[in-house]
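Residue numbers (the UniProt record's numbering): 1 to 591.
Written below as structure tokens is the structure these notes are about.
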Amino acid sequence: MKKKSLLARFLIWRLKHVNDRQFISFLGILIGITSGLAAVVIKNSVHFISSLLQETSELEYANFLYMIYPAIGISVAVLFIKYVIKRPVRHGIPNVLYSISKTNGQINSHNMFSSIVTSAFTVGFGGSVGLEGPTVSTGAALGSNIGRLFHLNYKQTTLLLACACSGAMAAIFKAPIAAIVFAMEVIMLDLTMWSLVPLLLASSTAVITSYFFLGMDVLYPFEVDNGFVMKDLPYYIVLGIFTGLLATYFTKMYMYIHGLFDKIDKRYVKLLIGGLSLGMIIFFFPSLFGEGYHAINASLSGDYSYLFNNSLFYGFSESFWMLLILLALVIFFKVIAASITFGAGGVGGIFAPTLFMGVNAGVLFAKVVHYLGFRNIEVNNFALIGMAGMIAGVLHAPLTGLFLIADISGGYQLFVPLMITATVSYATVKSFEPHSVYTVQLARRKELMTHDKDQNVLSLMRVTRLIEKNFNTINSDATLGDLVKVIAKSQRNLFIVIDKENNFEGIVKLDDIREIMFQPEKYDVMFVRDLMIMPSVVIQHDESMADVARKYQYSDKFNLVVLQDGKYLGCVSRAQIFSTYRRMLKHFSED
């Protein structure tokens with residue numbers, strides 16, 4: 001008899017001695033450590049590549065090299081994906097949301113390292129994106145594959161994905177509180193009190209891992225000289241509206257450029273167009289090179305030289321008007337540069353571009369208010385709060401924006417204005433764009449899960465899994481006598497009419513023929529084609545369950561025919577949908 005594997009023996013031991021809650025808590029710690037290590041590896045890889053490139057900065061033709069560096073990095077990432085991974089590397093957080101909605105929380109194992117490699121080359125060589133998305137993707141892949149290894153169910157695997165995302169965000173930003181809020185607001189779909197335990201463990205162990213390797217300094221050191229002043233309240237509200245409008249621009253421009261690149265079939269053409277376009281933008285605006293964290297820190301300290309250094313505008317560095325113009329231009333072009341980086345084949349995240357736009361938006365707003373003579377507001381405070389407004393707007397996550405900026409800057413004295421601006425920004429962007437950058441594509445494909453439990457249950461249900469096959473079929477050329485023989489052997493009162501190639505032609509309802517079926521003289525003279533009707537409502541095999549439920553809601557049908565390219569597959573019953581829905585809803589609601 002073959003011996004059981006070590007894993008099988010462990011699983012048996014675990015079931016006997018460790019309950020599910022204890023085991024998931026332990027896995028939360030494990031995922032926190034691995035997510036923290038992933039963040040450390042990604043950060044150090046990018047730092048190493050950037051350090052190598054900086055050695056060329058003293059050369060006469062350095063500016064031209066920086067024009068082509070992003071294209072080189074994206075090219076390496078594309079080649080790695082094509083010839084090594086041989087599978088697409090999806091963007092981090094949308095990939096996690098997709099896996100929760102459509103693949104039962106399963107993420108391909110290559111994502112445990114592919115996002116690290118591709119993002120390191122993309123960002124290290126100057127791609128205008130961030131590292132948080134790949135870090136989240138790596139952590140989520142680790143969580144998903146750990147769940148698969150230990151044969152966890154869907155709900156447990158989803159919780160591990162949330163733990164991984166929380167751990168990754170905590171490690172990359174050194175912001176454990178914001179990381180948990182992010183998991184609750186963006187990733188988690190049905191948070192219970194018990195779910196908080198593994199989330200807390202994952203976030204805390206991840207940030208401790210990050211502290212151990214990267215130090216305990218906050219990401220953006222910031223000293224609040226003047227806290228909240230009541231007279232500044234109207235300006236925080238207007239800043240919220242401003243960042244909300246910018247967030248709307250971010251989402252729409254991102255989707256527009258994404259659509260342009262989607263129309264290009266050949267990968268090398270995307271790379272060529274994207275690389276050249278990105279190089280030109282960076283040539284004119286060097287501050288758009290890479291993540292932009294150094295520029296953000298400089299801006300928060302009141303140093304705006306990053307806008308002029310190594311650029312064609314260096315001679316205008318003392319001009320106030322040129323400062324305003326460059327602030328507006330880098331805000332405008334940052335999302336374009338980030339979108340082109342993605343479109344060309346690069347891998348990264350949108351947190352960094354969002355924060356970059358936010359800090360510059362805050363500076364621009366404060367400078368304009370001061371110049372127009374309305375009020376001498378604190379520029380650095382508004383620069384910091386502008387980041388919260390942009391995060392709240394672009395991600396549709398006001399709590400994440402609030403706690404992230406307070407966490408990564410240590411600026412908790414500005415908690416009230418952070419709340420105001422983040423809330424107003426979120427309300428503004430929701431007026432124009434119902435979905436965030438992360439979810440807009442999933443929503444368009446009806447693959448998005450939300451905090452609406454009913455909607456989530458319907459999203460997890462599949463038409464093809466509910467099809468019932470015990471409906472008898474008959475040919476349209478058959479006689480009434482043939483139909484009566486079929487009825488005698490059937491347990492249903494609905495009969496499906498198909499041709500010899502299984503093409504659907506109509507239905508016959510027992511109630512419609514009840515009177516004539518007992519008239520033998522008509523058995524040979526009446527045919528099924530004369531008795532069948534075409535139903536007013538049918539279901540396609542790939543329809544969402546929300547659409548199917550809507551069809552049942554507005555019809556009196558108890559059974560609907562399911563078709564695929566006109567071929568008959570079976571029927572879906574109202575009772576089957578309801579019982580499946582109740583069973584899954586009960587599972588979702590269990591603590």
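Glycine is no exception: its CB is placed at the ideal position from the N, C-alpha and C atoms.
Since the structure is predicted, the reported quantities are computational estimates derived from the model, not experimental observations.
(request) Please confirm whether V484 and M517 have their CB atoms less than 7 Å apart. (result) yes
(message) Classify A397: buried if its beta carbon has 16 or more other beta carbons within 10 angstroms, exposed otherwise.
(response) So A397 ends up on the buried side.
(request) Below 7 Å CB to CB, which residues in the same chain sit around I533 once its five sequence neighbours on both sides are set aside? (result) G506, I507
(request) Could you give the DSSP three-state label for Q553: helix, strand or coil? (result) helix
(message) Suppose you measure from the CA of H294 to the CA of V129; what does that come to, to the nearest Å?
(response) 14 Å
(message) With three or more beta-carbon pairs closer than 8 Å as the criterion, would you say the segment 70–77 touches the segment 121–136?
(response) Touching, yes.
(request) Give the DSSP bridge partners of L494, in chain order. (result) K509
(request) Keeping to the same chain, check which residues put their C-beta closer than 6 Å to that of N559; ignore five residues upstream and five downstream. (result) Same-chain partners within the cutoff: L494, C571, S573.
(message) Nearest by alpha-carbon distance to R529: which of R514, A478, K509, F504 is it?
(response) For the residues R514, A478, K509, F504, the minimum Cα distance to R529 belongs to A478.
(request) Would you list the residues sitting across from C571 in a DSSP beta bridge? (result) E468, V561
(request) Go ahead and pull the three-state DSSP assignment for K2. (result) Any reading at K2 needs caution, since the residue's pLDDT is 47, under 50, leaving its predicted position unreliable; the model's value is listed next. Coil, per DSSP.
(request) Out of L288, N376, L233, F48, point me to the one whose CA is closest to N360's CA. (result) The shortest C-alpha separation from N360 is found at L288.
(request) Figure out for me which residue from G32, F527, I237, E223 has the closest Cα to the Cα of G143. (result) Nearest C-alpha to G143: G32.
(message) So, does the segment 198–205 touch the segment 232–244, judging by three or more C-beta pairs under 8 Å?
(response) Between the segment 198–205 and the segment 232–244 there are fewer than three inter-stretch CB-CB distances shorter than 8 Å, so the stretches are not counted as touching.
(message) Can you look up T439 in the DSSP assignment and give me helix, strand or coil?
(response) coil
(message) I need the straight-line Cα distance from F342 to L326, nearest angstrom please.
(response) 24 Å
(request) Could you spell out the range, first to last residue, of the alpha helix (DSSP H) harbouring N475? (result) First-last for N475: 473–475, but that is the beta strand (DSSP E), not the alpha helix (DSSP H).
(message) Since V335 and F250 should fall inside the 8 Å C-beta cutoff, what is the C-beta to C-beta distance between them, to a whole number of angstroms?
(response) 5 Å
(message) With the cut-off set at 7 Å, would you say M112 and A141 are in Cβ contact?
(response) yes
(request) Let me know if N381 comes out buried or exposed under the rule of 16 or more other beta-carbons within 10 Å of its beta-carbon. (result) buried
(message) I'd like to confirm the pairing. Which residues does DSSP put opposite N503 in its beta bridges?
(response) K567
(message) What does the alpha-carbon distance come out to for the pair residue 606 and D303?
(response) The structure shown does not extend to residue 606, since the chain is modelled only from 1 to 591, so the question has no answer here.
(request) Throw me the rounded Cβ distance for the F333 and I281 pair, which I believe falls under 8 Å. (result) Contact holds; Cβ gap of about 6 Å.
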